[in-house]
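See below for the structure under consideration.
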Amino acid sequence: EAQVTQNPRYLITVTGKKLTVTCSQNMNHEYMSWYRQDPGLGLRQIYYSMNVEVTDKGDVPEGYKVSRKEKRNFPLILESPSPNQTSLYFCASSSPYRGPPYNEQFFGPGTRLTVL
Amino acid sequence: KNEVEQSPQNLTAQEGEFITINCSYSVGISALHWLQQHPGGGIVSLFMLSSGKKKHGRLIATINIQEKHSSLHITASHPRDSAVYICAVGTLKLIFGTGTRLQVFP
Numbered sequence: 001e002a003q004v005t006q007n008p009r010y011l012i013t014v015t016g017k018k019l020t021v022t023c024s025q026n027m028n029h030e031y032m033s034w035y036r037q038d039p040g041l042g043l044r045q046i047y048y049s050m051n052v053e054v055t056d057k058g059d060v061p062e063g064y065k066v067s068r069k070e071k072r073n074f075p076l077i078l079e080s081p082s083p084n085q086t087s088l089y090f091c092a093s094s095s096p097y098r099g100p101p102y103n104e105q106f107f108g109p110g111t112r113l114t115v116l
Numbered sequence: 117k118n119e120v121e122q123s124p125q126n127l128t129a130q131e132g133e134f135i136t137i138n139c140s141y142s143v144g145i146s147a148l149h150w151l152q153q154h155p156g157g158g159i160v161s162l163f164m165l166s167s168g169k170k171k172h173g174r175l176i177a178t179i180n181i182q183e184k185h186s187s188l189h190i191t192a193s194h195p196r197d198s199a200v201y202i203c204a205v206g207t208l209k210l211i212f213g214t215g216t217r218l219q220v221f222p
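Chains as they are written, first to last, in the working numbering: chain F, 1 to 116; chain L, 117 to 222.
What follows is the structure, encoded as structure tokens:
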């Protein structure tokens with residue numbers, strides 16, 4: 001089954017404790033991206049990647065790191081989480097320069113993060 | 117002013133009604149996406165379009181590049197269409213609207 005998986009789905013942590021949210025896709029998509037969703041602000045892009053070892057900043061990259069060492073995986077790293085990073089996080093993937101349906105974004109189920 | 121504006125923010129309809137959700141943007145774009153977020157939180161891509169019109173079942177999406185405007189239409193609405201509909205512009209770097217919450221009552 002074609003899917004994007006994220007782990008963990010729920011996480012409560014404390015300020016300053018490094019964490020990683022994993023994202024994996026099994027569709028051989030070139031493009032992967034991380035978004036956060038906050039009430040009243042909607043979805044905002046954190047980082048995206050168009051290929052292995054190629055990453056670029058979205059609108060809200062501060063406080064986050066990413067890596068793309070393998071095509072299927074795109075982990076989101078919070079080196080020193082703060083309460084303002086409490087949010088719902090989504091990973092997505094696609095092949096944006098192929099025809100439909102491959103160019104449409106497949107979203108993971110979301111990770112709800114609370115930083116105390 | 118947000119670069120992507122959706123209207124209305126909230127929409128209530130009776131089952132069977134024709135629904136229109138609007139998206140206006142102020143930036144040059146290569147593509148526009150319509151997404152559906154279910155009450156449980158999951159997000160599904162409905163359409164990605166760069167010109168003209170696309171149809172999938174009871175859903176129709178149109179885009180007017182000159183006017184920087186897109187519409188999502190739902191024909192014969194059903195309670196299972198109740199969700200948040202989100203417009204986004206871009207191909208690699210995406211900018212999102214804040215969504216339209218639709219509730220369809222039997």
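Using N, Cα and C, we set each Cβ at its ideal position, and we do this for glycine too.
From a predicted model like this one, the values you see are computed outputs, not experimental measurements.
Within 10 angstroms of the Cβ of residue 118/L, are there 16 or more other Cβ atoms? Answer buried if so, exposed if not. Residue 118/L sits at position 2 when you count from the first residue of the second sequence. Under this definition residue 118/L is an exposed residue.
Mind checking the segment 191 to 212 of chain L against chain F and listing, in chain order, the residues whose C-beta falls within less than 9 Å of any C-beta there? For the segment 191 to 212 of chain L, the beta-carbon criterion of a distance under 9 Å to any beta-carbon of chain F is satisfied by 202, 204, 206, 207, 208, 209, 210, 211, 212.
For residue 59/F, which of helix, strand or coil comes out of DSSP? Counting from 1 along the first sequence, the entry for residue 59/F is found at position 59. Assignment of residue 59/F by DSSP, reduced to helix, strand and coil, places it in the coil class.
Assigned secondary structure, residue 45/F (DSSP; H/G/I helix, E/B strand, else coil): Position 45 of the first sequence, counting from 1, holds the residue named residue 45/F. Under the three-state reduction of DSSP, residue 45/F is assigned to strand.
Distance cutoff 8 Å, beta carbons only. Does residue 144/L sit that close to anything in chain F? Along the second sequence, read from residue 1 onward, the residue named residue 144/L stands at position 28. Chain F, which has no Cβ nearer than 8 Å to the Cβ of residue 144/L, makes this no.
Segments assigned beta strand (DSSP E), at least 3 residues, entirely inside the segment 126 to 181 of chain L: With a minimum length of 3 residues, the continuous beta strand (DSSP E) runs that stay inside the segment 126 to 181 of chain L are 126 to 130, 135 to 141, 148 to 153, 159 to 165, 168 to 172, 175 to 180.
When you compare the CB of residue 61/F with every CB in chain L, is at least one pair closer than 8 Å? Translated into the one-based positions of the first sequence, residue 61/F becomes position 61. For residue 61/F, the answer is no, since every Cβ of chain L falls outside 8 Å of its Cβ.
Near residue 129/L, which residues of its chain fall below 8 Å by C-beta distance, leaving aside the five closest residues on each side in sequence? Start at 1 with the first residue of the second sequence, and residue 129/L comes out as number 13. Counting only Cβ-Cβ distances below 8 Å, and skipping sequence neighbours, we find 135, 193, 218, 219, 220, 221.
Leaving out five residues before and five after residue 104/F in sequence, what residues of the same chain have Cβ atoms less than 8 Å from its Cβ? The residue given as residue 104/F occupies position 104 in the first sequence. Correct list, in chain order: 94.
Just curious, the beta strand (DSSP E) that residue 123/L is in, first and last residue? Against the second sequence, residue 123/L aligns to sequence position 7. Note, residue 123/L: beta strand (DSSP E), 120 to 123.
Measure from the C-beta of residue 159/L to each C-beta in chain F and report whether the shortest distance is under 8 Å. By 1-based counting over the second sequence, the position of residue 159/L is 43. Under the 8 Å criterion on CB atoms, residue 159/L is classed as interfacial with respect to chain F.
Find the nearest neighbour of residue 28/F within the set 19/F, 98/F, 36/F, judged by alpha-carbon distance. Here the question's residue 28/F lines up with position 28 in the first sequence. That would be 98/F, whose Cα lies nearest to the Cα of residue 28/F.
Taking 8 Å as the cut-off, decide whether the C-beta atoms of residue 90/F and residue 35/F are in contact. What you label residue 90/F is simply residue 90 of the first sequence in a count that begins at 1. What you label residue 35/F is simply residue 35 of the first sequence in a count that begins at 1. Contact flag set, yes.
Taking just the CA atoms, how far does residue 149/L sit from residue 127/L? Walking along the second sequence from the start, residue 127/L turns up at place 11. Walking along the second sequence from the start, residue 149/L turns up at place 33. Whole-angstrom Cα-Cα distance: 20 Å.
Rounded to whole angstroms, what is the Cα-Cα separation between residue 188/L and residue 178/L? Within the second sequence, the letter at position 72 stands for residue 188/L. Within the second sequence, the letter at position 62 stands for residue 178/L. Rounded to the nearest whole angstrom, the CA to CA distance from residue 188/L to residue 178/L is 7 Å.
Label residue 12/F either buried or exposed according to how many other C-beta atoms from any shown protein chain fall within 10 Å of its C-beta, with 16 as the threshold for buried. Here residue 12/F is taken as the residue at index 12 of the first sequence, counted from 1. In the assembly as shown, residue 12/F is an exposed residue. Its beta-carbon has fewer than 16 other beta-carbons within 10 Å.
Spatial neighbours of residue 71/F within its chain, please: CB distance less than 6 Å, with the 5 preceding and 5 following residues excluded, ordered by chain position. Reading the first sequence from its first residue, position 71 is the one you call residue 71/F. These residues qualify, in order along the chain: 52.
Would you list the residues sitting across from residue 73/F in a DSSP beta bridge? As a first step, residue 73/F is located in the first sequence; it is residue number 73 there, counting from the start. 24/F.
Which residue comes first and which comes last in the beta strand (DSSP E) that contains residue 7/F? Position 7 of the first sequence holds residue 7/F. Membership of residue 7/F in the beta strand (DSSP E) is indicated by the continuous run 4 to 7.
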